[in-house]
Amino acid sequence: MRAKELFSPTLREVPAEAEVVSHQLLLRAGFIRRTAAGVYTYLPLAIRVLKKIEQIVREEMDHQGGQEIMMPIIQPAELWQESGRWDVYGPELFRLKDRHDRDFALGPTHEEVITTLVRGEVNSYKQMPLLLYQIQNKYRDERRPRFGLLRGREFIMKDLYSFDRDAAGLEVSYRKMHEAYTSIFKRCGLLFRPVEADSGAIGGSDTHEFMVLADSGEAIVLYCNNQACGYAANNEKATLPAEENISGETLKPLIRAATPGCRTVEEVAQFLRISPQTIIKTILYETEKEVVAALVRGDREINEIKLLNTLGCLRLELAGAKTVQQITGAAVGFAGPVGLKGCTIVADPEVLAMVNAVTGSNTDDTHCLNVNPTRDFEVNITKDIRMVQAGEPCPHCGSQLLEAKGIEVGQIFKLGDKYSKALGATYLDESGHSLPIIMGCYGIGVSRTMAAAIEQNHDNNGIIWPAAIAPFQVVVIPVSTKDEKQVALARELYQRLLEAGIETVIDDRPERAGVKFKDADLIGYPLRITIGSKAVSENRVELQPRRTGEVTLAPTQNLEKIVLEMLTAL
Ligand code: 9G3
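Going by the working numbering, the sequence shown opens with residue 304, and the numbers climb by one from there.
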């Protein structure tokens, strides 16, 4: 491809609306343009990257026995009514009507469609295991579409669904997908981690997220320092070893102390000159059923997902000032478990091990000192409800946990019989018994993976594509387009590289070399070949990998071989 002909309109300025580096660089380097909020047109360079990722995904899905299909984007409402999800999802579900006033949705995911398909076609254990997948646009009407391709309203997803006769079969399918995902992200040249994740309030079932590690990531990953252990979880899921924290301190009598205007843990700690670790933090929540007081140590944060799962509720919100006043008799900031009535008290195990602690007193501007759990208040539920922090012990081996930021690019779920039961997808076993099909679902954000690759691989000058997913492998740049010999040599080498099957761009535009180098860095070709005066006089060209920037000289004879070798290491 000649750079002159490539439709990749580059921009000098950083577009104002782009908050994250992948969005900025995709716009600047001419990969995408915005069509509507959270909706993008992919230009030729982006299409090339997406096709590469899709090809890797296809090969690994097929390798595990997956079969590609294509379901419709437009889904009839009846399917979602049957699964019960038409009313569960609100404005996030794109809804539309046809000319007969019939309801449809733009597919945000395809559990309903595929379960209905399989219900009609699979009726015997002999037809399973079955792994079906597609690569297709998905639609979710996000409240705040942001971060370019990281959170669009239209995005490309690979979704695979597994159908097995029992839990053991599902386990096999799940492991196959875990293995496939590991190969996919490795082959894409990305640094990633599979992490244990939370499967939501329905709970119980396994789920892993595949995180591309990047400092700009929104997700927090905790992983064990001990590589042989390998424990890794996102911070919504990460757990702790069982607490055995017996203090020798003697219990002192409970007293009350004035703490005027001190509402937060920090304010109380400073005023009383104590450490936040000695304070019990009491936070009131409202669920669809009740008011709940959640207790954690003052230096900890409540994990609302763990709390929601503990309570088995659907909705969990911080209690408003009115509810707090009603339950505690005090303003927000002075709640505490001593004498607290009319709500369920949930405490983190760490709280139960505290001695002579400080809590709110349910009276304005006052706190209780020397509070001792069980002596001074009762707990209804003791359960891990807090965020794990870096530096704490690994729940598997006790080594230190470390923290990293990540972008979720894949997720695998054990669904069990949730959809097959709701939609009546059953099969007959050997003895003629009818049983629900056991399902799993497995997603990869293809367009998101492209953006995550940039978040992980860029510098101040632009994108640094891993060779496996780069739009082109090589750019050939004659330094002076006025020098006919340089241009002729550049064209000859360009032809030879093409014939060797290397995806190459020649930038023989009549621009200054600096402009072409800047564009090459921005677009992120893994390898730049510069043809200067030396190339003509000595038959030697400059090879410069985008990532290291280190220039090496190479003879023009055998260049194809040298380039191919260099590319395998990029
Ligand atoms: C919806 C809307 C948004 C959604 C869903 C449904 C997320 C929804 C979860 C999944 C699970 C898996 C197959 C591939 C792997 C992930 N957001 N999810 O079900 F109606 Cl509006 O999509 N699906």
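Positions of the beta carbon are idealized from the N, C-alpha and C atoms, including for glycine.
Problem - Spatially closest choice to leucine 330 from His413, Ile826, Ala872 and Arg478, by CA coordinates - result: The residue given as residue 330 occupies position 27 in the sequence shown. The shortest Cα separation from leucine 330 among His413, Ile826, Ala872 and Arg478 belongs to Ile826.
Practice task
Measure the alpha-carbon distance for asparagine 842 versus alanine 771 and round it to whole angstroms.
Solution key: Counting from one through the sequence shown, the residue named residue 842 turns up at place 539. Counting from one through the sequence shown, the residue named residue 771 turns up at place 468. Roughly 29 Å separates the two Cα atoms.
Handout entry: Sub-8 Å separation of isoleucine 376 and glutamine 439 beta-carbons
Key = Residue 376 sits at position 73 when you count from the first residue of the sequence shown. Residue 439 sits at position 136 when you count from the first residue of the sequence shown. Isoleucine 376 places its beta carbon less than 8 Å from that of glutamine 439.
Problem - Where valine 471 falls, given that 16 or more other Cβ within 10 Å makes a residue buried - result: Within the sequence shown, residue 471 is the residue found at index 168, counting from 1. A quick correction: the sequence has alanine, not valine, at residue 471. By the neighbour-count rule (16 or more Cβ atoms within 10 Å), alanine 471 is not buried but exposed.
Problem - isoleucine 826 - partner residues in DSSP beta bridges - result: Reading the sequence shown from its first residue, position 523 is the one you call residue 826. Note: isoleucine 826 sits in no beta bridge, so no partner.
Practice task
With DSSP as the reference, please indicate the residues paired to serine 465 in a beta bridge.
Solution key: Within the sequence shown, residue 465 is the residue found at index 162, counting from 1. For serine 465, DSSP records a beta bridge to Leu434 and Gly743.
Exercise for the section: For glycine 506, I'd like the list of residues in its chain whose CB is within less than 7 Å of its CB, leaving aside the five on either flank, ordered along the chain. Expected result: Numbered from 1 along the sequence shown, position 203 holds the residue referred to as residue 506. Reliability fails at glycine 506, whose pLDDT of 48 lies under 50, so the model's placement of it is uncertain and no value is given.
Practice task
Note down, in chain order, each residue of its chain lying with its Cβ closer than 7 Å to the Cβ of phenylalanine 450, except the 5 sequence neighbours on either side.
Solution key: Taking the sequence shown and counting its residues from 1, one reaches residue 450 at position 147. The answer, listed in chain order, is Glu322, Val323 and His326.
Problem - Completely contained beta strand (DSSP E) runs for the segment 810-854, where each covers 3 or more residues - result: You should have 830-834 and 843-848.
Exercise for the section: Run the CB neighbour count on glycine 551, radius 10 Å, all protein chains shown included, and call it buried at 16 or more, exposed below. Expected result: In the sequence shown, the residue the question calls residue 551 occupies position 248. The residue is exposed, with fewer than 16 neighbouring Cβ atoms inside 10 Å.
Problem - Spatial distance of alanine 572 from threonine 562 (CA atoms) - result: Counting from 1 along the sequence shown, the entry for residue 572 is found at position 269. Counting from 1 along the sequence shown, the entry for residue 562 is found at position 259. The C-alpha of alanine 572 lies about 10 Å from the C-alpha of threonine 562.
Exercise for the section: Would you check whether the ligand 9G3 has a heavy atom nearer than 7 Å to the C-beta of glycine 743? Expected result: Counting from one through the sequence shown, the residue named residue 743 turns up at place 440. Answer for glycine 743: no, Cβ out of range of the ligand 9G3.
Handout entry: Local Cβ density within 10 Å of phenylalanine 310, reported as buried at 16 or more and exposed below that
Key = For the purposes of this step, residue 310 is identified with residue 7 of the sequence shown, where counting begins at 1. So phenylalanine 310 counts as exposed.
Practice task
Just confirm the distance between the C-beta atoms of glycine 455 and serine 750, as a whole number of angstroms; I'd bet it's less than 8 Å.
Solution key: Walking along the sequence shown from the start, residue 455 turns up at place 152. Walking along the sequence shown from the start, residue 750 turns up at place 447. The pair is a contact, with the Cβ atoms about 7 Å apart (cut-off 8 Å).
Practice task
Can you have a look at glutamine 370 and say buried or exposed, based on whether 16 or more other CB atoms are within 10 angstroms of its CB?
Solution key: Here residue 370 corresponds to residue number 67 of the sequence shown, with the count starting at 1. With fewer than 16 other CB atoms across the displayed protein chains lying within 10 angstroms of its CB, glutamine 370 is exposed.
Practice task
Tell me whether glutamine 714 counts as near the ligand 9G3, meaning its Cβ is closer than 7 Å to at least one heavy atom of that ligand.
Solution key: Taking the sequence shown and counting its residues from 1, one reaches residue 714 at position 411. Glutamine 714: yes, Cβ under 7 Å from the ligand 9G3.
Practice task
Using 7 Å as the cut-off, classify the Cβ of arginine 456 as near or not near the heavy atoms of the ligand 9G3, replying yes or no.
Solution key: Looking up residue 456 in the sequence shown gives position 153. Not under cutoff, so the answer is no.
Practice task
Please state if the CB of leucine 543 and the CB of valine 691 are separated by a distance shorter than 8 Å.
Solution key: If you number the sequence shown from 1, residue 691 lands on position 388. If you number the sequence shown from 1, residue 543 lands on position 240. Cβ atoms of valine 691 and leucine 543: closer than 8 Å.
Practice task
Using only alpha-carbon positions, find the residue among Gly503, Cys527, Pro318 and Thr585 that is nearest to arginine 496.
Solution key: Stepping through the sequence shown from its first residue, residue 496 is reached at position 193. The residue with the shortest Cα to Cα distance from arginine 496 is Cys527.
Practice task
Return yes when the Cβ of alanine 535 is within less than 8 Å of the Cβ of leucine 587, no when it is not.
Solution key: As a first step, residue 587 is located in the sequence shown; it is residue number 284 there, counting from the start. As a first step, residue 535 is located in the sequence shown; it is residue number 232 there, counting from the start. Here leucine 587 is not near alanine 535, since their CB atoms are 8 Å or more apart.
Practice task
Measure the alpha-carbon distance for valine 475 versus alanine 339 and round it to whole angstroms.
Solution key: Along the sequence shown, one-based indexing puts residue 475 at 172. Along the sequence shown, one-based indexing puts residue 339 at 36. For valine 475 and alanine 339, the distance between alpha carbons rounds to 42 Å.
Practice task
Determine, using beta-carbon pairs with one atom in the segment 774-783 and one in the segment 816-835, whether at least three such pairs fall under 8 Å.
Solution key: Yes: the two stretches touch, three or more of their Cβ pairs being nearer than 8 Å.
Practice task
Decide if glutamate 362 is buried, meaning its Cβ has at least 16 other Cβ atoms within 10 Å, or exposed.
Solution key: One-based indexing of the sequence shown puts residue 362 at position 59. The residue in question, glutamate 362, is exposed, as its Cβ has fewer than 16 Cβ neighbours within 10 Å.
Exercise for the section: Take the Cβ of leucine 463 as the centre, count every other Cβ of all protein chains shown within 10 Å, and call the residue buried at 16 or more, exposed below. Expected result: As a first step, residue 463 is located in the sequence shown; it is residue number 160 there, counting from the start. Around the beta carbon of leucine 463, 16 or more other beta carbons sit within 10 angstroms, so the residue counts as buried.
Exercise for the section: Take the Cβ of methionine 657 as the centre, count every other Cβ of all protein chains shown within 10 Å, and call the residue buried at 16 or more, exposed below. Expected result: Locating residue 657 in the sequence shown gives position 354, where the first residue counts as 1. Per the 10 Å Cβ criterion, buried.
Exercise for the section: Would you mind reading off the limits of the beta strand (DSSP E) that contains threonine 344? Expected result: The residue given as residue 344 occupies position 41 in the sequence shown. For threonine 344, the enclosing beta strand (DSSP E) starts and ends at 342-345.
Problem - Where glycine 506 sits in the DSSP three-state scheme - result: Here residue 506 refers to the residue found at position 203 of the sequence shown. Note on glycine 506: pLDDT 48, under 50, position unreliable in the model; the coordinate value appears next. In this structure, glycine 506 counts as coil in the three-state DSSP scheme.
Problem - Terminal residues of the alpha helix (DSSP H) in which proline 652 lies - result: Counted from its first residue, the sequence shown places residue 652 at position 349. Counting along the chain, the alpha helix (DSSP H) containing proline 652 begins and ends at 652-655.
Problem - Reduced DSSP category for methionine 460 - H, G, I as helix; E, B as strand; rest coil - result: Taking the sequence shown and counting its residues from 1, the one referred to as residue 460 is at position 157. It is a strand residue.
Practice task
Would you mind reading off the limits of the alpha helix (DSSP H) that contains alanine 756?
Solution key: Translated into positions along the sequence shown, residue 756 becomes position 453. Annotation for alanine 756: the continuous alpha helix (DSSP H) segment containing it runs 749-759.
Practice task
Please confirm whether any heavy atom of the ligand 9G3 lies closer than 7 Å to the CB of threonine 412.
Solution key: Working through the sequence shown from its first residue, we reach residue 412 at position 109. At a threshold of 7 Å, threonine 412 counts as near the ligand 9G3, since its beta carbon sits closer than that to one of the ligand's heavy atoms.
Problem - Nearest to lysine 584 (by Cα), restricted to the options Lys625, Ser664, Leu619 and Leu614 - result: Here the question's residue 584 lines up with position 281 in the sequence shown. Cα-wise, what sits closest to lysine 584 is Ser664.
Exercise for the section: Check the DSSP bridge columns for glutamine 378 and list the partner residues they point to. Expected result: Position 75 of the sequence shown, counted from the first residue, corresponds to residue 378. Answer by DSSP bridge pairing, in chain order: Ala408.
Problem - Anticipated Cβ contact below 8 Å, proline 579 with glutamate 570, distance rounded - result: Along the sequence shown, one-based indexing puts residue 579 at 276. Along the sequence shown, one-based indexing puts residue 570 at 267. About 10 Å; that fails the 8 Å criterion.
Exercise for the section: Using only the heavy atoms of the ligand 9G3, determine whether one of them is closer than 7 Å to the beta carbon of aspartate 462. Expected result: What you label residue 462 is simply residue 159 of the sequence shown in a count that begins at 1. Yes, the Cβ of aspartate 462 comes within 7 Å of a heavy atom of the ligand 9G3.
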